[in-house]
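K.L.:
The sequence shown lines up with residues 221 to 748 when you count with the working numbering. Virtual Cβ for every residue (Gly too), placed ideally from N, Cα, C. Have a look at this one.
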Amino acid sequence: MSQPTSSPNADPNGGLGFVGSGLKQLSIPSPTENPIPYFFTTFLFVVVLYALSPKTSSVRCLNPRKPFEFSNLRAKKLFMFHSREIMGKWFKTAPEEPVRVIADVGEVLLLPAKFANEIKSDDRLTFSKFVYSAFHAHIPGFEGFKEGGRDSHIVQAVIMKDLTKYLNKVTEPLSNETSLAVEEIFAASGSKEWQPVTIREALLRLVAQVSSRVFLGEELCRNDDWLAVTRDYTVHAFRAAEELRLFPYYLRSVVHWFLPSCQKARADVKKARKVIDPLLEQRRALKARGDKVEFDDAIEWFEREAQGKEYDAAVSQLILAVAAIHTTTDLVTQVLGDLVRNPDMIQPVRDEIVTTLREGGWKKTTLYNMKLLDSVIKESQRIKPVGLISMRRIAEAPITLSDGTFIPKSHAIGVSASRMWDPAVYPEPETWKGKRFYDLRSSTGNEHVAQLVSTSPEHLGFGHGQHACPGRFFAANEVKIILAHLLIGFDWRLPDGTEPKIRSFAFSLGQDPTLKMEYRAREKEIEL
């Protein structure tokens, strides 16, 4: 049977006709005949789409999209690999002007340091949602960041209450653990010959063991499986987070299954559960039987702070270790590098360490009295903090700042660290001066603000305000103890032709992980 050449409802003029009883035939013209309705419909669609899209800030963008670019990928990569140049130009030309950047974590509103005090206690700005978003807390392998960002704030409570309170009795155990770790890691510690070492790798091992002595006690702090997983997760999780940010948000839940870095992070979490979960179950069984047992470590602190609320014990320990290991290792590496490039400061620091220890032994007050060492550490942190910005937050409501700057709801913000390199604040800011904060601390009214653990808009090394690093008191003590052992026990130098380099990636600043140093044993003025 032959097919009809035209439909009975076809419009001879090329439109699609609709015929009905008593109805007039309608005809819709093709786009080529009458494009105006199509343009109008497209325009309305774009208007509606824009109205429904998240609102952005209207301030200047440092790395905007180019015309006809339909994604942020180019701008995002530009910032990830050239952030220091992009941010440096802002610091030099308009440091008091709020700006935007398209960063690895999305669009971020950057505020000048003058806003640090204004927003420091604003409850509409949340740190936990920033952690959730930036570290993919909804994806397997990143459970530690989910636990660290819980609204119940169990991790924060453990650090601020239990860990800080524990500092009074942990100084000597930390020193003892450092002695054991140094002896093991620097195997040639008795040699008078110069020995090469990849310093960040060695310090990562050292900090992991020393930190675990406080968090898990002697029972687990030398457990090879646990130490390996905390070191590995510190590297794998941050690398995986960075790689995953290259992909659109809606693809990350699929892509992560295939990325080797994400696979490693998931494997690390499984290993952590194998170590922590059996120990926790054993302790809970003892308590259930009514046995009188007392524990004073982070496993018990989490149990107590949770008060029956749901939490993941293994990943809580993991994120606590990561928080301690990552920044502490970076800071010790930076200080050691600054000292070997300024060797005239090493002996005065050694003299202070010896004097204070002879007078007070390993006590918290002794560490407080190491004021020159405190200054040296704070100056190194000023020269190279862990990031170009601090006070990372996400707005839970629309906010208008005192100068009229608008922060849309759900928008990410950060505060510039530019005052740390401002010559109006710190004379010769590009020059490392180990006594800078020691001298400032000696002047009237500056005793508190010049201390390592103090925060201010002029020094955001530990953040500022209600979300300032809660573990900075522990970190300050741990860094001093580790440096005391390394400086009293060894001489240090850089190999000929070696110059430490700072690596930047998006907002982060870090030490070159391949940097080598040389060390040799020296006669100790005092047994540690």
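#1: Measure the beta-carbon distance from Gly654 to Met565 and round it to whole angstroms, keeping in mind my assumption that it falls under 8 Å.
#2: Please check the pair Arg547 and Leu424, which I expect to be a contact at CB under 8 Å, by giving their CB distance rounded to whole angstroms.
#3: Please name the residue in Val552, Glu520 and Arg570 whose C-alpha comes closest to that of Leu436.
#4: Look at Val552 and Leu707 and say whether their C-beta atoms are less than 8 Å apart.
#5: From which residue to which residue does the beta strand (DSSP E) around Pro287 run?
#6: In this structure, how does DSSP classify Trp712 when only helix, strand and coil are distinguished?
#7: What does the alpha-carbon distance come out to for the pair Glu363 and Ala401?
#8: Within a Cβ cutoff of 7 Å, which residues of the same chain sit near Leu298, ignoring the five residues on either side of it in sequence?
#9: If you draw a straight line from the alpha carbon of Glu514 to that of Asn562, how long is it in whole angstroms?
#10: Is DSSP giving Ala271 helix, strand or coil here?
#11: Should Leu471 be labelled buried (16 or more other beta-carbon atoms within 10 Å of its own) or exposed?
#12: For Val268, which residues of its own chain have a beta-carbon under 7 Å away from its beta-carbon, when the five flanking residues on both sides are left out?
#13: For the beta strand (DSSP E) that Glu463 lies in, which residues bound it at each end?
#14: Taking all protein chains shown into account, decide if Ser222 is buried (16 or more other Cβ within 10 angstroms of its Cβ) or exposed.
#15: With Thr575 as the anchor, note down where its alpha helix (DSSP H) starts and where it stops.
#16: Return the bridge partner residues of Leu471 from the DSSP annotation.
#17: Considering only residues of the region 302 to 378, which uninterrupted beta strand (DSSP E) runs meet the minimum length of 3 residues and lie entirely inside it, listed in chain order?
#18: Using 8 Å as the cut-off, can you tell me whether the region 683 to 691 makes contact with the region 335 to 347, which would need three or more C-beta pairs spanning the two stretches below that distance?
#19: Strictly under 8 Å for the Cβ-Cβ distance: is Gln527 near chain D by that measure?
#20: In the structure shown, what three-state DSSP assignment does Leu593 receive?
#21: Taking the C-alpha atoms as reference points, what is the distance between Glu523 and Gln671?
#22: Below 8 Å between beta carbons: does that hold for Glu463 and Leu479?
#23: Which whole-angstrom value is the C-beta distance of Glu572 and Leu592, which I expect to be below 8 Å?
#24: What are the start and end residues of each continuous beta strand (DSSP E) run of 3 or more residues lying completely inside the region 396 to 422, in chain order?
#25: Let me check one thing: in DSSP terms, what residues is Met737 bridge-paired to?
#26: Return the bridge partner residues of Val635 from the DSSP annotation.
#27: Run through the DSSP bridge pairs and tell me what Leu818 is partnered with.
#28: Which whole-angstrom value describes the C-beta separation of Asp488 and Ala534, a residue pair presumed to lie in contact below a C-beta threshold of 8 Å?
#29: Between which two residues does the alpha helix (DSSP H) harbouring Arg482 extend?
#30: Specify whether the region 605 to 620 and the region 629 to 637 touch according to this definition: at least 3 beta carbon pairs, one from each stretch, less than 8 Å apart.
#31: Once you ignore the five residues that flank Ser399 on each side, which residues in its own chain have a CB closer than 8 Å to its CB?
#32: Give the C-beta separation of Gln415 and Glu667 to the nearest angstrom, bearing in mind that I take them to be a contact with Cβ-Cβ under 8 Å.
#33: Taking only three categories from DSSP, how would you classify Thr391?
#34: Using the Cβ count rule (16 or more neighbours within 10 Å means buried), how would you classify Gln601?
#35: Strictly by DSSP, which residues pair up with His679?
P.N.:
Per the coordinate set shown:
#1: 4 Å
#2: This sequence places Thr at residue 547; Arg is not what is there. With a Cβ gap of about 12 Å, Thr547 and Leu424 do not count as contacting.
#3: Glu520
#4: no
#5: No beta strand (DSSP E) holds Pro287; DSSP gives it neither H nor E.
#6: strand
#7: 29 Å
#8: Asn283
#9: 47 Å
#10: Any reading at Ala271 must be qualified, since the residue scores a pLDDT of 43, below 50, and its modelled position is unreliable; no value is offered.
#11: exposed
#12: Residue placement at Val268 is poorly supported in this model, since its pLDDT is 47, which falls under 50; the coordinates are not used for a value here.
#13: No beta strand (DSSP E) holds Glu463; the alpha helix (DSSP H) holding it covers Asp444 to Leu464.
#14: At Ser222, the pLDDT of 44 sits below 50, so the modelled position is not reliable; the number obtained from the coordinates is stated separately. Counting Cβ neighbours within 10 Å, Ser222 comes out exposed, since fewer than 16 surround it.
#15: Ile566 to Gly580
#16: Paired residue(s): none; Leu471 is not in a bridge.
#17: 319 to 323 and 326 to 331
#18: yes
#19: Considering every chain present, this structure includes no chain D. It has just one protein chain.
#20: helix
#21: 33 Å
#22: yes
#23: 5 Å
#24: 415 to 418
#25: Val417
#26: Leu331 and Ser610
#27: It is not possible to answer for residue 818, since the shown part of the chain is limited to 221 through 748.
#28: About 11 Å separates the two Cβ atoms, so there is no contact after all.
#29: It is Cys, not Arg, that sits at residue 482 in the sequence shown. Start and end: Pro480 to Ala508.
#30: yes
#31: His705 and Leu748
#32: Not quite, the Cβ-Cβ distance comes to about 40 Å (not below 8 Å), so this is no contact.
#33: helix
#34: buried
#35: Ser676
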